[in-house]
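Using my numbering, you'd call the opening residue of the sequence shown number 1 and step up by one each time.
Glycine is no exception: its CB is placed at the ideal position from the N, C-alpha and C atoms.
Heads up, the thing below is written out as structure tokens.
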Amino acid sequence: MTEMTRPAPVPTPGTDPPRSGGSWGLAVNASDARDPWERLEMAAGHRDWFAWHDGRRGLSYVAWGAVARFSPRGPDRFAQVRDWIAPLVDRLPAEAPGLMGALPLAVGGFSFTPRCAEPGPLWGRWPDGAFIVPETIVARHPTGTSVTATLRPPRGWRVPSATDPQPNRAGPRLTTVESREHYEQLVTATVRRIDAGGLEKAVIARPATILASDRRRFDPIAVLRALRDGHPRAVCFAMARGGEVFLGASPETLVAMHGGLLATQAVAGTTKADEDEGGARLRRSAKDEHEHVLVVQSIERALGPLCDDLTVGPRRLARAGDVHHIVTGIDATPRTGTTVLDAVAALHPTAALCGTPRHEAAAWIAEREGFDRGWYGAPIGWLGPDGDGVFAVAIRSALLSDHVATAFVGAGIVHGSSPAAEWEETEAKLGPVRRALDAGLAVDRTPGTHAEPTAVSMQGGPP
């Protein structure tokens with residue numbers, strides 16, 4: 001998907017940087033919450049809320065309220081967010097970085113690509129990027145300490161009003177879910193394009209619309225908890241926007257920066273866990289090895305101008321839900337002045353979600369994939385007051401809106417890819433999201449409705 005030029009965002013009340021005059025107040029106190037997610041119901045009572053659980057790094061938090069908002073637009077959106085947050089950091093108390101530690105100052109994410117036009121009907125409320133500075137954060141540090149952080153704006157600061165874009169009503173509310181035949185035809189065409197030269201890999205994704213029928217709806221908190229219960233080592237995330245919730249359990253960290261160190265990982269090469277005991281088949285697969293090497297090389301090229309002492313770790317196998325992945329950790333020392341957003345801009349989209357070469361793969365996806373990825377496969381995470389932060393790749397994810405959920409999955413296509421095997425891979429990746437959605441079914445309490453037991457039904461998939 002190509003990055004296309006778009007006008008810079010027009011400032012609106014509440015989205016501009018903090019005004020001069022006065023500092024922001026910050027209070028950080030011990031919390032009695034052993035698990036910050038005990039506060040999810042409280043958070044969901046607010047218009048803006050964000051949840052995060054990083055199983056590998058041990059940071060978990062729930063954030064709600066908004067004392068500032070910003071929605072960047074266009075190909076320089078990462079720099080726009082960096083420039084927006086900098087004046088706010090300057091107004092924080094001098095002790096803020098020490099008090100906050102690894103806590104976020106701002107939370108949010110981006111779309112997979114900036115749009116040259118309005119987003120489609122599915123992603124109408126989700127712009128090129130959206131960040132908030134939360135009023136309250138309840139967090140549990142990797143050390144086991146639980147805290148509550150509250151940020152208070154300076155006197156005279158006007159809390160921004162909500163200006164969410166409305167869904168595009170020109171088309172149907174539900175996307176058309178493609179058939180297995182259509183997906184396999186697209187994989188076949190992609191393999192032919194690769195064999196013709198100039199393209200080594202392209203990631204082909206697909207949406208799956210899942211309906212909760214019989215007067216039921218999806219409870220995002222129950223779905224989110226089910227995802228964390230099933231994937232305690234993943235990055236589990238949720239962001240609420242305009243009455244919708246985008247959530248997931250990602251096995252892939254795009255970038256983490258803290259204390260002068262940068263870490264990322266290459267996650268590529270996949271087999272179904274129930275058909276590959278211990279990952280033996282994955283270890284022997286030349287196709288998956290080739291796909292993985294392409295991702296590692298793309299990360300090395302992206303980080304080279306920003307970092308020193310880049311170290312590629314050994315390959316290992318990791319289970320993520322119903323699949324095995326090949327994973328390689330990559331560590332580096334960011335050069336002076338490099339922020340986590342600089343690394344995000346350099347890395348996204350990686351070959352794991354786009355392809356190689358990046359430009360050619362993006363062009364092929366934009367031409368052939370046939371749907372707006374929205375925030376699927378894009379960076380989602382948080383920014384600290386010192387330029388550090390963590391962003392995950394928003395995969396194994398779904399967009400929830402009452403009784404409708406749209407899940408997203410993809411597979412990396414290279415020379416030798418089998419269309420049938422790639423379809424089965426995407427089905428395996430859907431498994432954890434399906435189960436979490438099933439666990440998150442709730443009775444619709446809207447007056448006049450009558451709930452009956454029901455199963456989750458999925459259009460476009462197998463029975």
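Residue 378 is positioned such that its CB atom lies closer than 8 Å to that of residue 111. Partner residues in the beta bridge of residue 334, as assigned by DSSP, are 307. Note on geometry: alpha-carbon atoms of residue 365 and residue 179 lie some 18 Å from one another.
Judged by DSSP secondary structure, residue 258 falls within the beta strand (DSSP E) whose first and last residues are 253 to 258. A contact is defined here as three or more CB-CB pairs under 8 Å, and the stretch 332 to 347 meets this definition with respect to the stretch 301 to 320. Taking residue 143 as reference, the option from 96, 34, 123 and 220 with the minimal CA-CA separation is 34. For the pair of segments examined, the stretch 224 to 231 was found not to touch the stretch 287 to 300: the number of CB pairs separated by less than 8 Å stays below three. When only Cα atoms are considered, residue 151 and residue 241 end up about 21 Å apart.
If one requires a minimum length of 3 residues, the beta strand (DSSP E) runs lying completely within the stretch 220 to 257 are 235 to 241 and 244 to 250, in chain order. In the structure shown, residue 75 falls within a coil segment according to DSSP collapsed to helix, strand and coil. With respect to the 8 Å criterion, residue 222 and residue 440 are classified as neighbours on the basis of their beta carbons. DSSP places residue 132 in the uninterrupted beta strand (DSSP E) bounded by 129 to 133. Checking the DSSP bridge columns, you'll see residue 125 has no partner listed. Take the alpha-carbon of residue 391 and the one of residue 262: they are about 12 Å apart. Look at residue 346 here: in three-state DSSP terms it is helix. Runs of alpha helix (DSSP H) with 4 or more residues, each lying fully within the stretch 22 to 51, are found at 40 to 44, listed in chain order. A Cβ-Cβ distance of about 20 Å is found for the pair residue 264 and residue 323, leaving them out of contact under the 8 Å criterion. Excluding sequence positions up to five before and after residue 281, its CB lies within less than 8 Å of the CB of 271 and 275, all in the same chain and listed in chain order. Residue 254 is positioned such that its CB atom lies no closer than 8 Å to that of residue 355. According to DSSP, residue pairing for residue 61 in a beta bridge involves 52 and 139. Three or more Cβ pairs closer than 8 Å define a contact, and the stretch 190 to 207 meets that threshold against the stretch 358 to 376. Of 134, 361 and 182, the smallest CA-CA separation from residue 69 is found for 134. If you check the CB distance, residue 413 and residue 187 come in under 8 Å.
Of all C-beta pairs linking the stretch 391 to 408 to the stretch 324 to 338, fewer than three are shorter than 8 Å, placing the two stretches out of contact. Taken through DSSP and simplified to helix, strand or coil, residue 325 comes out as strand. Under a 10 Å Cβ-count criterion, residue 114 is classified as buried, with 16 or more other Cβ atoms of the shown protein chains found around its own Cβ. In the three-state reduction of the DSSP assignment, residue 382 falls in the strand class, which pools E and B. Closest in alpha carbon position to residue 201, among 29, 361, 382 and 407, is 361. Close CB contacts of residue 27 within its chain, under the 6 Å cut and outside five residues either way in sequence, are with 150 (chain order).
Cβ-Cβ separation between residue 407 and residue 426: approximately 10 Å, too far for a contact (criterion under 8 Å). Boundaries of the alpha helix (DSSP H) around residue 190: 180 to 195. The Cβ-Cβ distance between residue 398 and residue 437 falls below 8 Å. Residue 111 carries a coil assignment under DSSP once its states are collapsed to helix, strand and coil. Around the C-beta of residue 239, 16 or more other C-beta atoms lie within 10 Å, and the residue is accordingly described as buried. In chain order, 269 and 326 place their CB closer than 8 Å to the CB of residue 289, counting only its own chain and leaving out the 5 sequence neighbours on each side. Apart from sequence neighbours up to five positions away, the residues of its chain that approach residue 235 with a beta-carbon distance below 6 Å are 54, 250 and 392, ordered along the chain.
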